[in-house]
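A.B. asks: Handing you a structure now.
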């Protein structure tokens, strides 16, 4: 997966800048060099969060990915063992 140019702290800062109402979302996007679509995607994911909550979300997503990989490996091993044991000797 492509790594973002912006950290969670920077993303939340950009969103808070837009929420302050000093500049419209389009101007904030232009100022930071991001697409409007990216802004609204960030807003749906990080809207209303604080930096600590965003870090916790990132840690949970990483742990979830690791656990899914472990589960897939275990299921593959299980299927392989069933196939081997299912054959008649």
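Numbering (full-length UniProt numbering), first residue to last: 1 to 89. Don't be surprised by glycine CBs; every beta carbon is placed ideally from N, CA and C. Predicted model only: the values in this text are computed from it and were never measured.
Classify residue 15 as buried or exposed, calling it buried when 16 or more other Cβ atoms lie within 10 Å of its own Cβ.
C.D. replies: Residue environment: residue 15 is assigned as buried (16 or more neighbouring CB atoms within 10 Å of its CB, all protein chains considered).
A.B. asks: Apart from the five residues on each side of it in sequence, which residues of its chain come closer than 8 Å, Cβ to Cβ, to residue 35?
C.D. replies: 29
A.B. asks: Where does residue 5 sit, in a helix, a strand or coil, going by DSSP?
C.D. replies: coil
A.B. asks: Assign residue 22 to one of three DSSP states: helix, strand, or coil.
C.D. replies: coil
A.B. asks: If you follow the alpha helix (DSSP H) that residue 54 is part of, which residue opens it and which one closes it?
C.D. replies: 51-86
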